[in-house]
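Here is the structure we will look at, set down as structure tokens.
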Amino acid sequence: MGESRFSPGDVDLVSQSDSTQDSPSAAQDLVLIFLRKWWFLIGLAVAIPLVVAAVANGLEQVYLVGDGAKIELLARDVWSTHTPYTGLIGRMNWNHPGPAMFWLLSPGALLARDDSAPLLVWNVILISVPLIGALVLAWGLGRRFFSVIVLSTLLALIALPVAVIRTPWNPWFPIPLLVLLFVLSARVVFGKTRDLIGVAIIGSIMVQTHVGTALIVASLAISAATFVAIDARRSRAMPNRWRSTVAWICASTVFLWILPVIGVFRDVGGNLVELGRYFVDAPGGSVGIRGALRLFADEYRWPIPWITGAQRILETPDILGYRDIAAQSHVIYILAPFGALIVGYLLASSATMRVWRRYIVMTAVLLLTGIIAISQADQALYYTFAWRGFIAPLAILIPSVPIVSRLIDRRRALTKVFAIGVAVACVMATVSIVPKMDSRSVEDPILLGALRSIVSVIDSKDISGEKVEYISRQKASLFGASLSDGVINELDRRGIDVVIPDNDRGGRAYGAHRIGAPSSASEVWYLVGSVEQFKELRTTPNAQLIWQASPYSTFAIFAIPTPNR
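First residue of the sequence shown? That's 1 in full-length UniProt numbering, and the numbers climb one at a time after it.
Shown next, in the form of structure tokens:
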């Protein structure tokens, strides 16, 4: 079987008849010249916001809090003797499958010696690689497919919060990778079977980073492999170099998953078996299939998030506002993408459009799987499945190509109209995205201000090389927990050994090697927030108030020297 059953000419934006016209007017038509030679420049519409985001991150002094701080802390551990075996800790006290995100972020974490800005810049560079890579690979499938990926990416950037690009967080990190995974899967469907290696690598990184991506990764991988099997059966021949392709897939999969497997046997947070319950038991409750349909349908209800930027779900104050917004929507809106997919499939009947039927089937499977993933997930929160921001416009744009192609076949002059429309849409999308990427720090200003003042205290104490036991009595407070994560990260950044109280969650969150008894530290820091806690520490012998949120606040940190020191 050949490397590809289709030719790029089958899927090009400019048809063969257009490109071979020899009339003087056609030869001098600047629009068609741009389509044939310079159409790849619309990819700059995606690149420009990424550059702006990287610059914005580099110009600001930022200290990460919450999960971001834990991610930076564990990314610094990668090159130590305590390299992480699992991913970030989840809400249900288990860790996400693997440490791939920590490994990828580790160079930025090592460069971040004074604050988190270098890590944030590195994060933007990291997620830019799959986005730009997806565009480069999409170009090989023709201008039409390239245009769809550019527009889908831009519309996703409009719909999603700026933090998806500017802040390292495991629910956000797989979203740019999904763009690349879809393109790689499409290339496999096109006939480029070697790209199955990339599907295995990118899919593994996504699943390791957040278990909620497991089903959509599986759907794309299975769709791609199915079409490879169909082609092999039709041609009665295996794909070229299929043995080496399988060998590379197996080798890369083993390499990427060896640490999580070791983690299971070494009991260092490994919980691959427990993660199997995520889409099965849902002890924390799930939204169900009707709720999932409504949530996806909400992506097509006006004002449409990926056109207007209205983030109804992601801007909901209530962390469980997912269900409330689902109730406001109606299942009927989900007919928009499924209707488009059906019409597009029926119209992609010509020989030149036959590959688009495969793209449409793959997109439909992805959409259905996304709905099932949301319906079954344990405690589906507003940010957990933000990847629907990319799938939603994709499910409209992919089937629109056969529809537009049918119109162009009837009237060739529409080629220029649609091309200009796509170019203008890309420019307008970039204009709307750039100000968002250039906004102020995406961290909570109150949290960031508090952590900055604590960092000043740490620097003034000059305790580098010491060991500090850190105890938070504000675990029930989201503010206190997020601030504690930031303090632990900043202590570690400055060469101070941090000791965490002996409990299972602490070891999973910060690394088991940081668990220890107070007697092993030179002093113990207590973060308190209530009046009773403040009074208790205030009257404790040798307790020193080292930080206070304000002169009248009970939110403070006390330091107590250990008795044996």
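By construction, the Cβ of each residue, glycine as well, lies at the ideal position given by its N, Cα and C atoms.
Between the C-alpha atoms of residue i and residue j, what's the straight-line distance to the nearest angstrom?
{"i": "ILE245", "j": "PRO399", "result": "This sequence places Thr at residue 245; Ile is not what is there. Computed Cα separation, rounded: 30 Å."}
{"i": "TYR110", "j": "ARG76", "result": "The question names Tyr, but residue 110 in the sequence shown is Leu. C-alpha separation (whole angstroms): 6 Å."}
{"i": "ALA340", "j": "TRP39", "result": "26 Å"}
{"i": "ASN364", "j": "ILE89", "result": "The sequence shown places Ala at residue 364, not Asn. Spanning the two alpha carbons is a distance of roughly 32 Å."}
{"i": "ARG294", "j": "ALA156", "result": "19 Å"}
{"i": "LEU545", "j": "GLY486", "result": "19 Å"}
{"i": "SER519", "j": "ARG494", "result": "21 Å"}
{"i": "SER375", "j": "ILE289", "result": "5 Å"}
{"i": "ILE446", "j": "TRP547", "result": "15 Å"}
{"i": "LEU64", "j": "VAL211", "result": "23 Å"}
{"i": "LYS416", "j": "PRO49", "result": "26 Å"}
{"i": "LEU187", "j": "TRP356", "result": "The amino acid at residue 187 is misidentified as Leu; the sequence shows Arg. Going by the C-alpha atoms only, they are around 12 Å apart."}
{"i": "CYS426", "j": "ILE205", "result": "29 Å"}
{"i": "SER350", "j": "HIS82", "result": "58 Å"}
{"i": "ILE408", "j": "ARG236", "result": "36 Å"}
{"i": "LEU451", "j": "SER530", "result": "19 Å"}
{"i": "PRO501", "j": "LEU105", "result": "27 Å"}
{"i": "ASP114", "j": "VAL51", "result": "23 Å"}
{"i": "ASP462", "j": "ASP492", "result": "13 Å"}
{"i": "VAL331", "j": "PRO337", "result": "12 Å"}
{"i": "HIS513", "j": "GLN533", "result": "29 Å"}
{"i": "ALA56", "j": "SER439", "result": "8 Å"}
{"i": "ILE307", "j": "LEU367", "result": "19 Å"}
{"i": "PRO561", "j": "PHE479", "result": "26 Å"}
{"i": "LEU41", "j": "PHE296", "result": "32 Å"}
{"i": "ASP444", "j": "LYS37", "result": "46 Å"}
{"i": "THR430", "j": "ILE396", "result": "20 Å"}
Who are the near neighbours of residue i in its chain, counting only those whose CB is closer than 7 Å to its CB and skipping five residues on each side?
{"i": "MET353", "result": "PRO402, SER405"}
{"i": "GLY68", "result": "THR167, PRO168, TRP169"}
{"i": "VAL46", "result": "LEU131, LEU135, VAL150, THR153, LEU154"}
{"i": "ARG358", "result": "VAL189, PHE227"}
{"i": "GLY58", "result": "ALA117, VAL121"}
{"i": "LEU320", "result": "With a pLDDT of 48 at LEU320, under the threshold of 50, the modelled position of this residue cannot be trusted, and the question is left open."}
{"i": "ALA138", "result": "PHE145, PHE146, ILE149, VAL183"}
{"i": "ALA224", "result": "SER185, VAL188, VAL189, LEU196, VAL199"}
{"i": "GLY537", "result": "It should be noted that the sequence gives Leu, not Gly, for residue 537. Excluding sequence neighbours, LEU537 sits near TYR526, VAL528, ALA543, PHE558."}
{"i": "GLY43", "result": "LEU135, VAL150"}
Pick helix, strand or coil for residue i, following the three-state DSSP scheme.
{"i": "SER235", "result": "helix"}
{"i": "ILE304", "result": "coil"}
{"i": "ASP115", "result": "coil"}
{"i": "ASP444", "result": "coil"}
{"i": "residue 623", "result": "The displayed coordinates of the chain run from 1 to 565. Any statement about residue 623 would go beyond what the structure contains."}
{"i": "TYR63", "result": "coil"}
{"i": "SER550", "result": "coil"}
{"i": "PHE385", "result": "coil"}
{"i": "TYR85", "result": "coil"}
{"i": "LEU537", "result": "helix"}
{"i": "TRP172", "result": "coil"}
{"i": "ASN240", "result": "coil"}
{"i": "TRP79", "result": "coil"}
{"i": "ASP462", "result": "coil"}
{"i": "ASP195", "result": "helix"}
{"i": "SER286", "result": "coil"}
{"i": "ASP298", "result": "helix"}
{"i": "VAL162", "result": "coil"}
{"i": "GLY98", "result": "coil"}
{"i": "PRO399", "result": "helix"}
So who's on the other strand from residue i, going by DSSP bridges?
{"i": "TYR526", "result": "ILE471, PHE558"}
{"i": "LEU545", "result": "PHE558"}
{"i": "TRP497", "result": "In the sequence under discussion, the amino acid at residue 497 is Asp, which differs from the Trp named in the question. Looking at the DSSP assignment, ASP497 forms a beta bridge with LYS467."}
{"i": "ASN503", "result": "DSSP lists no partner for ASN503."}
{"i": "ILE515", "result": "ILE500"}
Whose C-beta lies closer than 8 Å to the C-beta of residue i among residues of the same chain, with five residues either side of it excluded?
{"i": "ASP22", "result": "Residue confidence for ASP22 is low, a pLDDT of 44 falling below 50, so the modelled location carries little weight; the figure read from the coordinates is stated next. Hits under 8 Å: none found."}
{"i": "ILE197", "result": "THR245, TRP248, ILE249, SER252"}
{"i": "TRP242", "result": "THR193"}
Using C-beta distances below 6 Å, list every residue in its chain close to residue i, excluding the 5 sequence neighbours before and after it, in chain order.
{"i": "ALA559", "result": "GLU523, TRP525, GLN544, ILE546"}
{"i": "LYS436", "result": "VAL162"}
{"i": "ASN489", "result": "ALA69, GLU72, LEU73"}
{"i": "PHE102", "result": "LEU74, ALA75, VAL78, PRO84"}
{"i": "ASP497", "result": "LYS467"}
{"i": "PRO563", "result": "none"}
Is residue i close to chain D, meaning its C-beta is less than 7 Å from at least one C-beta of that chain?
{"i": "PRO49", "result": "Included in the structure is just one protein chain, with no chain D present."}
TODO: Indicate whether the contact test is met: 3 or more Cβ pairs, each with one atom in the stretch 84-100 and one in the stretch 505-515, closer than 8 Å.
DONE: yes
Task: Three-pair Cβ contact test at 8 Å for the stretch 172-191 versus the stretch 341-348 - done: no
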